[in-house]
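Structure first, commentary second.
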Amino acid sequence: MATPSTGPSSGPSSGPARVVVLVSGAGTNLQALLDAAADPAYGATVVAVGADREGVEGLARAERAGVPAFVCPLKDFGSRQEWDAALTGAVAAHEPDVVVLAGFMKLVGAAFLDRFAGRVVNTHPALCPSFPGTSGPADALVYGVKVTGATLFVVDAGVDTGPIVAQVAVPVEEGDDVASLHERIKTAERSMLVDAVGRMAREGFVVEGRQVRFGTGRSIV
Ligand code: GRF
0 MATPSTGPSS GPSSGPARVV VLVSGAGTNL QALLDAAADP AYGATVVAVG ADREGVEGLA
60 RAERAGVPAF VCPLKDFGSR QEWDAALTGA VAAHEPDVVV LAGFMKLVGA AFLDRFAGRV
120 VNTHPALCPS FPGTSGPADA LVYGVKVTGA TLFVVDAGVD TGPIVAQVAV PVEEGDDVAS
180 LHERIKTAER SMLVDAVGRM AREGFVVEGR QVRFGTGRSI V
């Protein structure tokens with residue numbers, strides 16, 4: 000990914016930042032963004048929701064909010080590259096300033112990252128660089144950490160390795176199981192996501208190496 004990359008200044012010169020959200024499941028992070036974006040002062044609007052599978056609650060949330068949705072299942076394509084190209088096209092059709100992977104359980108590929116370089120963020124239920132991958136809360140419990148959390152990062156070619164936009168710490172309580180810990184993380188994660196995406200939209204942001212800074216003076220609001 001080319002750096003430095005500057006966020007939503009590449010979008011329209013006025014109006015809210017255009018956000019496409021990709022989901023695979025419940026979509027509570029998506030819902031938090033939809034709720035925040037109902038206030039024009041938030042500075043971002045969810046212009047489309049994409050999923051890698053049919054029938055998930057995230058798609059129903061999009062429908063209830065009147066937001067266009069699309070589904071791009073990996074199994075419908077002959078190769079991962081073809082799927083990635085199709086996903087890239089489906090997202091690009093909505094001309095996003097920022098793409099938010101919010102519980103999207105697939106790794107996006109090179110074509111996707113080239114097309115939206117520096118403007119794809121992912122929320123992960125652990126404090127990166129700890130516990131990457133699909134079982135962050137479970138891995139934190141097994142390790143026995145007393146504090147875990149959530150991380151919003153700019154997606155690169157690795158697994159949960161990109162430059163960090165925001166993090167929030169969450170205590171591990173005695174007696175936690177994976178579900179209770181993940182629920183506590185998700186409560187904090189939603190607030191972090193809403194806060195960070197709003198700042199990206201209102202203030203602009205720049206990625207320089209591993210550093211992500213808000214306030215590039217290129218706000219699009
Ligand atoms: C979030 O904790 C996200 O970080 C993880 O899966 C969860 C998705 O939750 N990858 P939801 O679908 O937004 O409710």
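The sequence shown runs 0 to 220 under numbering that gives the first Met the number 0.
The beta carbon of each residue, even a glycine, is placed where N, CA and C say it ideally should be.
Keep in mind that this is a model prediction, so the values were computed, not measured.
- Looking at the DSSP output, GLU81 shares a beta bridge with no other residue.
- When secondary structure is reduced to three states using DSSP, PRO170 falls in the strand class.
- Taking the Cα positions, ALA125 is about 27 Å away from GLY42.
- Under the DSSP assignment, HIS181 falls in the alpha helix (DSSP H) whose first and last residues are 177–202.
- Per DSSP, the continuous beta strand (DSSP E) segment holding PHE213 begins and ends at 210–213.
- Take the alpha-carbon of VAL107 and the one of VAL119: they are about 10 Å apart.
- Taken from the Cβ of ILE163, every heavy atom of the ligand GRF lies 7 Å or farther away.
- Here DSSP, grouped into helix, strand and coil, assigns ARG52 to coil.
- A direct Cα-to-Cα measurement between TYR142 and GLY174 gives close to 14 Å.
- The beta carbons of MET104 and THR133 sit closer together than 8 Å.
- Within the same chain, and ignoring the five residues on either side of LEU73 in sequence, the residues whose Cβ sits closer than 8 Å to its Cβ are ASP51, ARG79, TRP82, LYS105.
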